[in-house]
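Taking it in order: structure first as structure tokens, then the write-up.
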Amino acid sequence: MQKYYIKHPDGTLTSHYGVVPGTGAAPAAQPAALATALPAVQPALPTALPPRVATATSTSVSPQSLPGAVYAAPLLAPATSIGITPTMTGTTTQPFVAQPIVTKASMPSTAATGGGGKMGQLWPLYEAKMKKEGLNDAAIAAFKYNYSVLTSGQDTMIPESSISPVDSLPSYESLNVTEDSSLLRRTVVLKLNGGLGTGMGLEKAKSLLPVKQGLTFLDLIAQQVESMKDGFGTNVKFMLMNSFSTSEDTLEALAKYPSLGTGSDLEFVQNKAPKVTEEDLRPASWAASPESEWCPPGHGDLYPAMLGSGTLDRLLMQGFKYMFVSNSDNLGATLDLKLLTYFAGSKAPFMMEVATRTDADKKGGHLAKDNKTGGLLLRETAQCPDEDEKEFQNVAKYKFFNTNNLWVDLEALADQFRKSGGALQLPVMKNSKTVDPRDKKSTKVLQLETAMGAAISCFPGATAVVIPRSRFAPVKTTNDLLALRSDAYLLTPDSRIELDPKRSGVPPNVKLDGSYKFVDAMDAMIPNGPPSLIDCKKLVIEGPIVFSPGVTIVGEVTIKNASSEKKAVAPGVYTDTTLVL
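So the sequence shown is residues 2 to 582, counted in our numbering.
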């Protein structure tokens with residue numbers, strides 16, 4: 002059996018899994034047989050095939066262009082000739098070649114990506130370096146496009162003159178859909194889990210941090226998936242995009258949840274990209290620490306990593322169509338059946354969950370409309386010219402920000418890869434660094450990165466929906482972690498983390514001084530657990546303190562200790578006050 006597609010006379014495309022019609026059982030009988038044999042993979046096969054199976058007259062015809070065709074499409078395998086026999090009444094068919102997503106021949110050529118100059122001279126050095134490192138064709142194609150943007154001198158900024166605000170979008174509350182649980186069988190939940198918690202003093206995946214009742218991010222995510230399986234009586238596919246740094250620890254931690262899967266059925270690993278010497282754009286070299294010559298390519302690497310690892314191919318072959326992606330540190334980002342049903346019904350190729358910007362969000366990226374195409378795009382801080390910073394931070398004008406909760410039609414993603422020759426043309430961001438981040442005198446380099454949300458500009462017809470803040474609760478700092486561990490957040494029976502309803506959707510604003518940047522320092526401050534923050538608006542901590550049991554913070558409270566000696570905050574209720582110890 003294999004993945005095949007039916008292109009109907011009206012131009013719509015449906016995907017199926019089995020023996021290609023005309024090569025095995027009689028077409029009229031085959032769909033029913035497949036429906037019986039593979040109900041979990043393809044629960045709703047058509048009862049009859051369209052009147053024309055194929056109209057190709059030569060092997061050079063692209064099956065996607067046919068008015069009504071059945072064609073097999075192994076996405077990364079070498080192109081294969083599929084013979085369609087004339088078994089349907091009144092139909093004459095000829096063999097044709099199935100079109101894979103990427104072959105070496107379809108990779109962007111030097112000419113197609115900026116040709117001469119620096120690109121022509123230096124690209125062979127990068128290609129050789131990446132091949133020596135064992136990177137796959139999809140990873141090489143993605144970096145090749147990014148490097149071509151750099152060497153072409155193309156402006157990577159998004160000036161105010163090129164965009165317009167997005168005035169209104171559908172809200173979660175306004176969605177009027179009848180939830181369809183059958184869609185769960187064709188949906189994969191994917192968590193980005195490549196980040197180490199180095200910014201919080203960790204040498205392991207941030208998702209292994211305890212959050213509530215001794216449970217880690219990964220524990221809660223796994224339990225959420227199992228709860229949904231039990232609640233709907235159907236399998237829910239779960240996967241992780243790990244990095245080389247997080248893979249081993251993560252798989253070990255998830256071994257206690259065998260129903261999630263193992264190996265390549267559970268994870269794929271993100272790629273790495275070569276750093277670029279800022280002065281001459283040659284591949285960075287650092288003999289003292291060769292691993293420092295490489296960097297993460299940003300979470301936009303999700304797409305080439307799925308392609309190059311074979312994950313996209315496998316998911317399509319298994320009958321999956323929809324993917325929900327979010328960050329592993331955002332426990333509010335659960336698979337929501339209402340959103341899934343809305344996305345499936347919209348026929349959109351891509352949907353972004355956005356939230357309303359506040360002053361606290363003004364320095365982060367925002368959603369906008371591209372004046373040239375009329376489509377949606379993201380503008381990140383690194384893409385805003387200095388002269389436009391004031392408008393960038395105008396939250397009344399640019400109302401929405403990307404939560405990094407994304408919905409992707411996998412068939413649309415595969416089609417986009419075919420159209421773009423294997424590399425999505427995501428906006429490229431240049432980050433200036435030193436080759437050795439611990440040595441500020443080492444060679445200055447550029448790290449070329451992309452963001453996965455920026456793919457919204459790659460899909461005509463992409464859309465967005467405004468979600469409640471309850472679906473956006475990321476943990477980036479110990480400020481976030483302290484709030485999440487407090488009673489301001491509840492752990493629901495289905496393992497979701499939610500703000501207590503008393504908070505009316507507004508989390509407490511916690512500001513710890515720099516000495517609490519690392520988790521171990523924060524833990525030492527709350528040996529008996531965090532203070533009560535259920536009624537806290539803002540908590541500021543300055544200096545070494547330790548909370549006694551039974552401390553309640555109400556309103557806006559600042560606690561200061563100017564000495565170097567750690568001092569205790571006594572039990573009691575502190576309301577709208579500054580406490581000097």
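Even glycine gets a Cβ: it sits at the ideal position worked out from N, Cα and C. None of these values were measured; they are calculated from a predicted model.
Legend entry - Euclidean distance between Cα positions of Asp330 and Pro160: For the purposes of this step, residue 330 is taken as the residue at position 329 of the sequence shown. For the purposes of this step, residue 160 is taken as the residue at position 159 of the sequence shown. For Asp330 and Pro160, the distance between alpha carbons rounds to 31 angstroms.
Inset, instruction - Sort Val466, Gln417, Val467 by Cα distance to Ala456 and report the nearest one. - result: For this step, residue 456 is matched to residue 455 along the sequence shown. Checking every option, the nearest Cα to that of Ala456 belongs to Gln417.
Inset, instruction - May I have the straight-line CA-CA distance separating Leu261 from Thr357, to the nearest angstrom? - result: Within the sequence shown, numbered from 1, the residue matching residue 261 stands at position 260. Within the sequence shown, numbered from 1, the residue matching residue 357 stands at position 356. Leu261 and Thr357 have their C-alpha atoms spaced approximately 34 angstroms apart.
Inset, instruction - Count the other C-beta atoms from every protein chain shown that fall within 10 angstroms of the C-beta of Thr93, then say buried if there are 16 or more, exposed otherwise. - result: Sequence index remark: in the sequence shown, residue 93 carries index 92 (1-based). Low confidence applies here, because Thr93 scores a pLDDT of 33, under 50, leaving its location unreliable; read the following figure in that light. With fewer than 16 other Cβ atoms within 10 Å, it is exposed.
Legend entry - Rounded C-alpha distance that separates Thr235 from Thr251: In the sequence shown, the residue the question calls residue 235 occupies position 234. In the sequence shown, the residue the question calls residue 251 occupies position 250. Whole-angstrom Cα-Cα distance: 25 angstroms.
Inset, instruction - Could you check which residue in Thr444, Asp440, Gln448 has the C-alpha nearest to that of Asn432? - result: On the sequence shown, residue 432 is found 431 positions in, with the first residue counted as 1. Selection Thr444, Asp440, Gln448 evaluated against Asn432 yields Gln448 as nearest (Cα-Cα).
Legend entry - Reduced DSSP secondary structure (H/G/I, E/B, other) of Ala55: Stepping through the sequence shown from its first residue, residue 55 is reached at position 54. The predicted model places Ala55 with a pLDDT of 32, which falls under 50 and marks its position as unreliable; any figure quoted below should be read in that light. Correct three-state label for Ala55: coil.
Inset, instruction - Alpha carbon to alpha carbon, how far is Leu379 from Asn403? Give it in angstroms, no decimals. - result: Here residue 403 is taken as the residue at index 402 of the sequence shown, counted from 1. Here residue 379 is taken as the residue at index 378 of the sequence shown, counted from 1. One Cα belongs to Asn403, the other to Leu379, and the distance between them is close to 8 angstroms.
Inset, instruction - Measure the CB-CB distance between Ala463 and Ala369 and report whether it falls below 8 angstroms. - result: As a working note, residue 463 is residue 462 in the sequence shown. As a working note, residue 369 is residue 368 in the sequence shown. Inclusion of Ala463 and Ala369 in the CB contact set at 8 angstroms is not warranted, their separation being larger than that value.
Legend entry - Beta-carbon contacts of Leu492 that lie in its chain and below 7 angstroms, excluding the five residues immediately before and after: For the purposes of this step, residue 492 is taken as the residue at position 491 of the sequence shown. Cβ-Cβ distances below 7 angstroms link Leu492 to Lys213, Gln214, Ile498 in the same chain, with the five nearest sequence neighbours on each side left out; the list follows chain order.
Inset, instruction - Let me know the beta strand (DSSP E) ranges lying completely inside the stretch 342 to 419, each 3 residues or longer, listed in chain order. - result: 351 to 357, 367 to 371, 377 to 380, 401 to 410, all fully within the stretch 342 to 419.
Inset, instruction - For Pro275, count neighbouring C-beta atoms within 10 Å of its own C-beta (all shown protein chains included) and say buried if the count is 16 or more, exposed if not. - result: Looking up residue 275 in the sequence shown gives position 274. Pro275 is buried by the Cβ-count criterion.
Inset, instruction - Have a look at Leu197, Asn243, Tyr258 and flag the residue whose alpha-carbon is nearest the alpha-carbon of Lys230. - result: As a first step, residue 230 must be located in the sequence shown, where it is residue number 229. Closest by alpha carbon: Tyr258.
Inset, instruction - To the nearest angstrom, report how far apart Val355 and Phe233 are at their CA atoms. - result: Walking along the sequence shown from the start, residue 355 turns up at place 354. Walking along the sequence shown from the start, residue 233 turns up at place 232. Roughly 27 angstroms between the two C-alpha positions.
Legend entry - Of the residues Trp295, Arg486, Gly544, Leu136, the one placed nearest Val277, counting alpha carbons only: As a working mapping, residue 277 is identified with position 276 in the sequence shown. Taking only the C-alpha atoms, the option nearest Val277 is Trp295.
Legend entry - Any 3 or more C-beta pairs closer than 8 angstroms across the stretch 361 to 376 and the stretch 333 to 344: No: the two stretches stay apart, fewer than three of their Cβ pairs being nearer than 8 angstroms.
Legend entry - For Val270 and Phe239, believed in contact at Cβ under 8 angstroms, the rounded distance: On the sequence shown, position 238 is the one that residue 239 refers to. On the sequence shown, position 269 is the one that residue 270 refers to. Phe239 to Val270, Cβ: 16 angstroms. No contact.
Legend entry - Beta-carbon proximity check, Ile560 vs Val570, cutoff 8 angstroms: Here residue 560 is taken as the residue at index 559 of the sequence shown, counted from 1. Here residue 570 is taken as the residue at index 569 of the sequence shown, counted from 1. In contact: Ile560 and Val570 (Cβ atoms closer than 8 angstroms).
Inset, instruction - Would you identify the three-state DSSP class for Gln224, choosing helix, strand or coil? - result: Position 223 of the sequence shown, counted from the first residue, corresponds to residue 224. Helix, per DSSP.
Legend entry - Thr479 versus Asp362: straight-line alpha-carbon distance, rounded: Locating residue 479 in the sequence shown gives position 478, where the first residue counts as 1. Locating residue 362 in the sequence shown gives position 361, where the first residue counts as 1. Answer to the nearest angstrom: the Cα atoms are 18 angstroms apart.
Legend entry - Helix, strand or coil at Phe321 according to DSSP, with G and I counted as helix: On the sequence shown, residue 321 is found 320 positions in, with the first residue counted as 1. In the structure shown, Phe321 sits in coil (DSSP, three-state: anything other than H, G, I, E or B).
Inset, instruction - Could you pull out every residue in the same chain whose Cβ sits closer than 7 angstroms to the Cβ of Val226, ignoring the five residues on either side in sequence? - result: Against the sequence shown, residue 226 aligns to sequence position 225. Cβ neighbours of Val226 beyond the five flanking positions: Val190, Val237, Phe239, Leu261.
Legend entry - Among Lys512, Asp138, Val150, Ser165, the one whose alpha carbon lies nearest that of Ala397: If you number the sequence shown from 1, residue 397 lands on position 396. In terms of Cα proximity to Ala397, the closest of Lys512, Asp138, Val150, Ser165 is Ser165.
Inset, instruction - For Thr464, write down the residues that DSSP places opposite it in a beta bridge. - result: Looking up residue 464 in the sequence shown gives position 463. Beta-bridge pairing links Thr464 to Met352.
Legend entry - Counted within 10 angstroms of its Cβ, other Cβ atoms place Asp360 as buried (16 or more) or exposed: Position 359 of the sequence shown, counted from the start, is the residue given in the question as residue 360. It counts as exposed.
Legend entry - Top-ranked residue by Cα proximity to Phe218, from Ser183, Thr188, Met242, Ala254: Residue mapping note: residue 218 aligns to position 217 of the sequence shown, counting from 1. When only C-alpha atoms are compared, the closest one is Ala254.
Legend entry - Buried or exposed (CB count within 10 angstroms, at least 16 for buried), Asn562: For the purposes of this step, residue 562 is identified with residue 561 of the sequence shown, where counting begins at 1. Asn562 is classed as buried because its beta carbon has at least 16 other beta carbons within 10 Å across all chains shown.
Inset, instruction - Examine the Cβ distances between the stretch 184 to 203 and the stretch 316 to 323 and report whether three or more of them are shorter than 8 angstroms. - result: Flag = yes, the stretch 184 to 203 and the stretch 316 to 323 touch.
Inset, instruction - Please determine if the stretch 378 to 394 and the stretch 407 to 422 are in contact, where contact requires at least 3 C-beta pairs separated by less than 8 angstroms. - result: The answer is no - the stretch 407 to 422 does not touch the stretch 378 to 394, with fewer than three Cβ pairs under 8 angstroms.
Legend entry - DSSP state of Ser169 mapped onto helix, strand, coil: The residue given as residue 169 occupies position 168 in the sequence shown. Note: Ser169 maps to coil in three-state DSSP.
Legend entry - Span separating the alpha-carbon of Phe344 from that of Gln155: Here residue 344 refers to the residue found at position 343 when the sequence shown is read from its first residue. Here residue 155 refers to the residue found at position 154 when the sequence shown is read from its first residue. Each residue's alpha carbon lies about 34 angstroms from the other.
Inset, instruction - Specify, as a first and last residue, the run of the alpha helix (DSSP H) that Ala143 falls within. - result: On the sequence shown, position 142 is the one that residue 143 refers to. Ala143: member of the alpha helix (DSSP H) spanning 138 to 152, first to last residue.
Inset, instruction - Starting from Tyr575, follow its DSSP beta bridges and name the residues at the other end. - result: Within the sequence shown, residue 575 is the residue found at index 574, counting from 1. Tyr575 is bridged by DSSP to Ile554.
Legend entry - Cβ-based neighbour list, Leu582, same chain, cut-off 6 angstroms, excluding 5 preceding and 5 following: Here residue 582 refers to the residue found at position 581 when the sequence shown is read from its first residue. Once the five neighbours on either side are set aside, the close Cβ partners of Leu582 are Asn562, Lys568.
Legend entry - Short Cβ contact (8 angstroms threshold) for Gly299 with Glu543: One-based indexing of the sequence shown puts residue 299 at position 298. One-based indexing of the sequence shown puts residue 543 at position 542. Cβ distance not < 8 angstroms, so Gly299 and Glu543 don't count as in contact.
Inset, instruction - Taking Ala484 as the reference, give the member of Glu292, Ile527, Arg439 with the closest Cα. - result: For the purposes of this step, residue 484 is taken as the residue at position 483 of the sequence shown. Cα-wise, what sits closest to Ala484 is Ile527.
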